[in-house]
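Engineer: Below are the structure tokens for one structure; questions will follow.
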């Protein structure tokens with residue numbers, strides 16, 4: 035199946051098209067990056083891609099059911115602000131956060147088993163936490179419902195890496211990829227060969243190296259192992275302490291500073307920058323705002339603040 039390259043909203047439904055303008059059915063198609071169809075007049079998710087490599091948002095529509103939603107989403111999934119009554123049909127795996135607040139949901143049955151980021155289901159009509167994800171990497175928000183017991187709430191102690199690995203994925207430093215193989219490099223270091231989500235054929239390979247505590251990504255095994263060594267090594271951060279907020283640098287210069295302070299790997303930094311429209315220069319104050327929520331942000335603030 036060719037990768038869908040564009041879509042339109044036709045009569046309340048999603049219609050995908052390939053590069054030649056031919057119509058595609060949603061089932062079997064994969065969308066490489068973010069798929070945003072929010073604030074339209076959608077009444078159904080029928081026709082949506084089956085797999086989305088980035089984030090997916092259908093918020094602010096008139097959707098009553100998640101049937102037709104992607105099966106897997108590499109980034110965050112948002113269906114907030116609709117008229118949804120059930121989570122049946124929701125993605126099986128979500129690498130980022132899951133937002134279903136401001137709907138008419140009465141049960142969490144059908145929710146993803148594991149969510150890498152936050153899970154937000156507040157402002158609904160939920161009476162029980164039965165069916166909630168088994169593991170949530172971030173915070174769990176369920177305010178303004180009719181819940182009388184915390185039975186069924188996610189375990190806060192189950193390691194997210196292990197949860198996703200058991201399902202065939204590698205979730206490291208907020209990056210979700212599909213596992214292909216793994217091998218021991220030494221007694222402490224394991225190398226995973228993975229592939230990016232959102233591709234049916236010829237998915238880009240991503241290597242993930244870990245010592246059990248830290249992770250590093252790379253386009254090759256060699257780079258991933260070198261990046262892990264960089265992360266676990268000692269770095270002199272003296273010259274970055276107490277930087278003035280009006281300090282200006284290019285995006286590439288800030289990337290080097292951020293990596294040096296936080297230990298963020300080259301792959302993750304590159305992917306983060308690729309999702310943004312970059313200016314020629316940024317102040318430190320702007321960089322702090324732009325990287326809020328990114329890997330190592332608290333460490334970055336601790337050093338430059």
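In our numbering, the protein residues as written are 35 to 339. All C-beta atoms, glycine included, are put in the ideal place defined by N, C-alpha and C.
Mind checking residue 269: buried by the 16 CB within 10 Å criterion, or exposed?
Structural biologist: The residue given as residue 269 occupies position 235 in the chain shown. Looking at its Cβ environment, which holds fewer than 16 other Cβ atoms inside 10 Å, residue 269 is exposed.
Engineer: Roughly how many angstroms lie between the CA atoms of residue 35 and residue 60, to the nearest whole one?
Structural biologist: Working through the chain shown from its first residue, we reach residue 35 at position 1. Working through the chain shown from its first residue, we reach residue 60 at position 26. Confidence at residue 35 is low in this model, with a pLDDT of 45, below 50, so the placement of that residue is unreliable and no value is reported for it.
Engineer: Return the chain-ordered ranges of every beta strand (DSSP E) run that is complete within the region 161-212 and spans a minimum of 3 residues.
Structural biologist: Segments of the beta strand (DSSP E) lying fully in the region 161-212: 203-206.
Engineer: Cutting at 7 Å between CB atoms, please list the residues of its own chain near residue 314, excluding the five before and the five after it.
Structural biologist: Translated into the one-based positions of the chain shown, residue 314 becomes position 280. Same-chain partners within the cutoff: 284.
Engineer: Quick one, which of 98, 50, 70, 288 has its alpha-carbon nearest residue 306's?
Structural biologist: For the purposes of this step, residue 306 is taken as residue 272 along the chain shown, with counting starting at 1. Measuring from the Cα of residue 306, the nearest candidate turns out to be 288.
Engineer: For residue 217, which residues from the same chain have a beta carbon less than 6 Å from its beta carbon, with the 5 sequence-adjacent residues on both sides left out?
Structural biologist: Along the chain shown, read from residue 1 onward, the residue named residue 217 stands at position 183. Answer for residue 217: 225, listed in chain order.
Engineer: Using 7 Å as the threshold, is the C-beta distance between residue 165 and residue 187 below it?
Structural biologist: Counting from one through the chain shown, the residue named residue 165 turns up at place 131. Counting from one through the chain shown, the residue named residue 187 turns up at place 153. In this structure, residue 187 does not lie closer than 7 Å to residue 165 by Cβ.
Engineer: Does the structure place the region 291-300 close enough to the region 323-338 that three or more beta carbon pairs sit under 8 Å?
Structural biologist: Enough Cβ pairs lie closer than 8 Å, so yes.
Engineer: Could you pull out every residue in the same chain whose Cβ sits closer than 8 Å to the Cβ of residue 338, ignoring the five residues on either side in sequence?
Structural biologist: Taking the chain shown and counting its residues from 1, the one referred to as residue 338 is at position 304. If we look at residue 338 and ignore the five residues flanking it on each side, its Cβ neighbours are 274, 275, 276, 277, 295, 318, 322.
Engineer: Can you tell me where the beta strand (DSSP E) with residue 227 in it begins and where it stops?
Structural biologist: Position 193 of the chain shown, counted from the start, is the residue given in the question as residue 227. Where residue 227 is concerned, the enclosing beta strand (DSSP E) stretches over 224-229.
Engineer: Which residue or residues does DSSP assign as beta-bridge partners of residue 45?
Structural biologist: Stepping through the chain shown from its first residue, residue 45 is reached at position 11. Per DSSP, none; premise fails for residue 45.
Engineer: For residue 251, does the three-state DSSP call read helix, strand or coil?
Structural biologist: The count along the chain shown starts at 1 and reaches residue 251 at position 217. Strand at residue 251.
Engineer: Determine the extent of the beta strand (DSSP E) in which residue 243 is found, giving its start and end residues.
Structural biologist: Locating residue 243 in the chain shown gives position 209, counting from the first residue. Run containing residue 243: 239-244, per the beta strand (DSSP E) assignment.
Engineer: On the CB-based measure, 16 or more other CB atoms within 10 Å of its CB, does residue 310 come out buried or exposed?
Structural biologist: As a working note, residue 310 is residue 276 in the chain shown. When all chains shown are included, residue 310 counts as exposed.
Engineer: Between residue 232 and residue 64, is the Cβ-Cβ spacing less than 7 Å?
Structural biologist: Residue numbering aside, residue 232 sits at position 198 when the chain shown is read from its first letter. Residue numbering aside, residue 64 sits at position 30 when the chain shown is read from its first letter. Yes, the pair counts as a contact, with Cβ atoms nearer than the cut-off.
Engineer: Rounded to the nearest angstrom, how far is the Cβ of residue 214 from that of residue 228, given a contact under 8 Å?
Structural biologist: For the purposes of this step, residue 214 is taken as residue 180 along the chain shown, with counting starting at 1. For the purposes of this step, residue 228 is taken as residue 194 along the chain shown, with counting starting at 1. Residue 214 to residue 228, Cβ: 6 Å. Contact.
Engineer: What's the gap between the Cα of residue 39 and the Cα of residue 262?
Structural biologist: Against the chain shown, residue 39 aligns to sequence position 5. Against the chain shown, residue 262 aligns to sequence position 228. Their Cα atoms are separated by approximately 35 Å.
Engineer: Can you list, in chain order, the residues of its chain whose CB lies under 8 Å from that of residue 180, leaving out five sequence neighbours each side?
Structural biologist: Within the chain shown, the letter at position 146 stands for residue 180. These residues qualify, in order along the chain: 159, 160, 161.
Engineer: Can you list, in chain order, the residues of its chain whose CB lies under 7 Å from that of residue 104, leaving out five sequence neighbours each side?
Structural biologist: Here residue 104 refers to the residue found at position 70 when the chain shown is read from its first residue. These residues qualify, in order along the chain: 82, 83, 84, 85, 86, 90, 125.
Engineer: Ignoring anything shorter than 4 residues or poking outside the region 255-317, list the alpha helix (DSSP H) runs there in chain order.
Structural biologist: Here the runs fully enclosed are 255-266, 285-296, 300-308.
Engineer: Residue 175: which of 156, 123, 205, 211 sits nearest, CA to CA?
Structural biologist: By 1-based counting over the chain shown, the position of residue 175 is 141. Looking at the Cα atoms, 156 is the closest of the given residues.
Engineer: Would residue 112 and residue 127 qualify as a contact pair, given that the criterion is a beta-carbon distance under 7 Å?
Structural biologist: Translated into positions along the chain shown, residue 112 becomes position 78. Translated into positions along the chain shown, residue 127 becomes position 93. Contact flag unset, no.
Engineer: Where residue 73 and residue 134 are concerned, what is the direct C-alpha to C-alpha distance, given to the nearest angstrom?
Structural biologist: Sequence index remark: in the chain shown, residue 73 carries index 39 (1-based). Sequence index remark: in the chain shown, residue 134 carries index 100 (1-based). Going by the C-alpha atoms only, they are around 15 Å apart.
Engineer: Roughly how many angstroms lie between the CA atoms of residue 88 and residue 329, to the nearest whole one?
Structural biologist: In the chain shown, counting from the first residue as 1, residue 88 sits at position 54. In the chain shown, counting from the first residue as 1, residue 329 sits at position 295. Computed Cα separation, rounded: 17 Å.
Engineer: Measuring only the C-alpha atoms, how far is residue 304 from residue 271?
Structural biologist: On the chain shown, position 270 is the one that residue 304 refers to. On the chain shown, position 237 is the one that residue 271 refers to. The straight-line gap from Cα to Cα measures roughly 22 Å.
Engineer: Based on the DSSP output, what are the partners of residue 85 in its beta bridges?
Structural biologist: Numbered from its first residue, the chain shown carries residue 85 at position 51. The partner list for residue 85 (beta bridge, DSSP) reads 64, 106.
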